[in-house]
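Following the numbering used here, the numbering of the sequence shown begins with 1331 at its first residue and continues without gaps. We treat Cβ as the ideally placed atom computed from N, Cα and C, and that holds for glycine.
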Amino acid sequence: MAGGSDRPLSLIGFSLICLKMVVSTKTAPEVPTIDQAYSKLSNSITVEWATVPGATSYLLTAEDRDTVIETMVANSPGTVTGLKAATLYQITLRAISAAGRSQASPPKQAKTVLAAPILEVSSPSPDSILVRWEAVDLAIGFSVSIMQANGLGRIWKENTTNTSLTFSNLDAGTLYTIKAYAWNANGIPGDDSTCNQRTSPRAPANIQVSFDGGTLKASVSWTPTEGASSYTVMAVSGSSERSCNTSSSSCSISSLSCGAEYLVSVLARNDAGSSESSSAATLKTVACAPGRVTIQEDSPGHLSVAWSNVDLGDYYVAFVKSDDGLEVHCNTSLTQCNFLSECGFTYFISVFAYNRAGQSPLGDVFNYTTAPCCPSDIDPVLVSSDRVEMVWSPVRGAELYETKAVGGASVVECKDTAPACTLSALECDTKYNITVYSFSEVRGSNMSCTSLSVTTAPCSPEIKNISKDAFSMINVHWRATNEEATYTVTARGEKGLYQCSSSGESCSMGGLPCGSVFSVIAVAETQAGRSLPSYSVPLETVPCCPAGLTVTQVTQSVLNVSWTMGMVAQTYLTVLESPIGQSKCHTHQNHCLLGCLVCGVDYTVALKAVSTTGLTVDCAYQSYSSSACCPLGVKLYRLGPNGIRVFWQVSRGSANYSTDLYGSKGIFTCAPRAGLSFCDVTDIPCGDVYTVMVSPVAETGLKLTFCPKKIYSVTCSGSTLGMVIYRGKRNTD
């Protein structure tokens, strides 16, 4: 055996010697030579060299007094980046192959070009662009050029030692491209910067203004300006200012003031700024409606209408319209008009001012009523618990109607200009005397009008509570305040409509299905009519119980309870209870795992169905005894050449146990007599590894399989008596 293990080691040593000889024949590549090194960008240097035979890549090194930067490249030319602008670097190059890297090449010096100036551009006027930049280290001059971004037109180029430059005589509203770079004392240019800038637009021309007096809106149009992206129209009058913004060549300004003179101007805008204001156009709006209108009846049949003078008003028109549709008017440059009138009419008076812009806005409309008459044909069209709606024939000249209802201890009044009235907030189930009076400022109220007697409908009942008795009957109780009323209770839901009636204060209804939601209302009825329904009270019947409760023990401490889903129940509450404790599970599924069981204990399993509102019903109770405890301290002892004794310790209580030994040569089972904690297995082959599990046996004879398993090795050598070697422990699946 020892000689056989030395031979492979000798072969390995020989192989290592051969490999060392092969490696030693490979050499590093030749040292490359840099042809040239130059900088085109301020942060990089480009290096060119001749190819080195066998080199797979190259290492470029750039070094100044502060930093060393290395870059790996595949071939020539190569570029080192991340450098500082206007800085002198020493460049070296190494060739790299599989054998290693060469020595550094002879160094070559190169200086990075100047950094690009950072540009700040603006357009101070429509024909100029101002370019500014910060000073660049080691720069002695700058070159700035400008041209139209579309490539058309000429190119302006200026050299300067300053840090700002203005380009003039440019086209307004045109996009330009600006490019700038700095040069050093040797005249070598640095990086360049490029940016775009548009010139600001010129002021719009040919402004046209039109005015709509009906809407107090002005429409403004103009000739479009080159390069403008938007326009702002402003209308200014004293301290008042209105404006509108648009991207087109027209805009409307609304909410202008009447009787005002505006100056209208237009500004053009783009991303460079705004133009100067255009020449202002003048706009005069319509005059405001005349104010302080007064109406007087100087003598019967003669009305005098007067008003105040208004700015920008050229003349006035007063309109007088009676309530039968007849209209007359007068046209005057004065501030007063006279009209003929008749008694018993209501007149509506309005006054307008006019100028060249048109008619003034409508001002206040005034009415004037001559002596009224008593209403007739009073008719109650609706009588309810708290309202009486009444209509009557219109009365000429009535400016206002006053309706008064007197009943019990209350008086209810309403005033309206219409020949109708709704008396609200009345007392239910009450008799009222109702009178309608006509009224005008000139004549006052006519007190000779007759009364009408009306009784309101009964009061709405108030449901006090809803209860359920032992026979599943629903009892509804309400508060009754009406005389000689009949009450009807209705429960309405998706599964039907249920009713009960009574002249007292309660009634009962039955047969409502489980798992249902109902809306319960009560209505009172008398000869005067029906009351409004009471406030709706929700009624939810208990959820329907599930069926098929099943209890299964999963592990020594876990119990699975399952059931079929019930009607309307949202969740289920499972309670596992014993004298030593309680376990709960609240779930929306049809099963639940209850843990922390104590082995060998009698439990009560309860199931409750819970609705979405928390309404709970007890559905099922079941007794359950948990399994006996899994034994502890399982050990195996040899009884002889072919015998094994399995021994264990009972943790609590008494139970029957079954022992199984699983080996490669078969399964061996034994069961002890009641009360014993060991079991003997005879004729069991030695020289095998056995998995041993001792399980309690339920009262039904079912062997429980969740107890832990242990692995023992039963050898054929050694003593025929004593403990068997313990190999490990395995959990059950």
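Report yes or no: do three or more beta-carbon pairs, one from the stretch 1928-1939 and one from the stretch 1905-1919, lie closer than 8 Å? Counting Cβ pairs under 8 Å, three or more are found: they touch.
Rounded straight-line distance, which links the Cα of V2022 to that of K2040: Pairing K2040 with V2022, the inter-Cα distance amounts to about 5 Å.
Hey, V1806 and D1694 are a contact pair by Cβ (cut 8 Å); roughly how many whole angstroms apart? At roughly 57 Å, the Cβ-Cβ gap does not stay under 8 Å, so V1806 and D1694 are not in contact.
Identify whether F1497 lies in helix, strand or coil by the three-state DSSP scheme. Strand.
When DSSP labels each residue in this structure, what does V1888 get in the three-state scheme? coil
DSSP beta-bridge partners for Q1900? Residue pairing of Q1900 in beta bridges, as defined by DSSP: absent, with no partner found.
So the candidates are F1848, G1543, L1782 and V1976; which of them puts its Cα closest to the Cα of L1273? Given a span of 1331 to 2063 for the chain in the structure shown, any question on residue 1273 remains unanswerable.
Starting from F2008, follow its DSSP beta bridges and name the residues at the other end. F1977
Do S1406 and T1442 have their C-beta atoms within less than 8 Å of each other? no
In chain order, what residues of the same chain have a beta carbon less than 7 Å from the beta carbon of S1832, not counting five sequence neighbours either side? Y1817
Opening and closing residue of the beta strand (DSSP E) in which R1968 lies: L1962 to G1970
Which residue comes first and which comes last in the beta strand (DSSP E) that contains G1996? G1996 to C2000 is the extent of the beta strand (DSSP E) around G1996.
Suppose contacts are defined by Cβ-Cβ distances below 8 Å. Is A1821 in contact with V1850 by that definition? yes
How many angstroms separate the CA atom of D1653 from the CA atom of L1670? 15 Å
By how many angstroms is the C-alpha of A1899 removed from the C-alpha of V1718? 47 Å
So within the stretch 1498-1545, which uninterrupted beta strand (DSSP E) runs reach at least 3 residues, ignoring any that extend past its ends? 1505-1513, 1519-1528 and 1535-1542
By how many angstroms is the C-alpha of G1603 removed from the C-alpha of A1446? Within the model, the alpha-carbon separation for A1446 versus G1603 is close to 27 Å.
If you pair each beta-carbon of the stretch 1694-1704 with each one of the stretch 1736-1744, do three or more pairs fall below 8 Å? no
Which class does W1379 belong to by DSSP, given the choice of helix, strand or coil? strand
Quick check on this structure: which residue in S1458, T1490 and L1482 has the alpha carbon closest to the alpha carbon of G1471? Looking at the Cα atoms, T1490 is the closest of the given residues.
Contact under 8 Å by Cβ, N1600 with R1686: no
State the DSSP-derived secondary structure class of P1843, mapped to helix, strand or coil. coil
For F1682, which residues from the same chain have a beta carbon less than 6 Å from its beta carbon, with the 5 sequence-adjacent residues on both sides left out? Taken in chain order, the residues that qualify are V1647, Q1689 and S1690.
If I'm right that E1732 touches Y1767 with Cβ under 8 Å, what's the distance once you round it to whole angstroms? 5 Å
Please look up how many angstroms separate the CB atoms of E1556 and G1481, rounded, as I've assumed it's under 8 Å. That belief does not hold up - the Cβ atoms of E1556 and G1481 are roughly 18 Å apart, past 8 Å.
Can you grab the Cα-Cα spacing for the pair T1422 / G1520, in whole Å? 24 Å
Taking the DSSP output, what are the residues bridged to A1425? Y1388
Looking at the structure shown, is P1724 part of a helix, part of a strand, or coil, going by DSSP? coil
Suppose you measure from the CA of Q1666 to the CA of A1610; what does that come to, to the nearest Å? 38 Å
Span separating the alpha-carbon of S1723 from that of V1658: Rounded to the nearest angstrom, the two C-alpha atoms are 26 Å apart.
Counting along the chain, where does the beta strand (DSSP E) carrying L1633 start and finish? H1632 to A1636
Kindly give me the distance between the Cβ atoms of F1769 and E1824, rounded to whole angstroms, as I take these residues to be in contact under 8 Å. F1769 to E1824, Cβ: 54 Å. No contact.
Spell out a yes or no on whether the stretch 1502-1517 and the stretch 1545-1562 are touching, meaning 3 or more CB-CB pairs, one atom from each, closer than 8 Å. yes
For N1575, tell me which candidate among S1549, C1751 and R1431 has the shortest Cα-Cα distance. S1549
Per-residue burial, P1454 [other beta carbons within 10 Å of its own, 16 or more giving buried]: In this structure P1454 is exposed. Its beta-carbon is surrounded by fewer than 16 other beta-carbon atoms within 10 angstroms.
Reducing DSSP to helix, strand and coil, say where R1809 ends up. Residue state, collapsed to three classes: strand.
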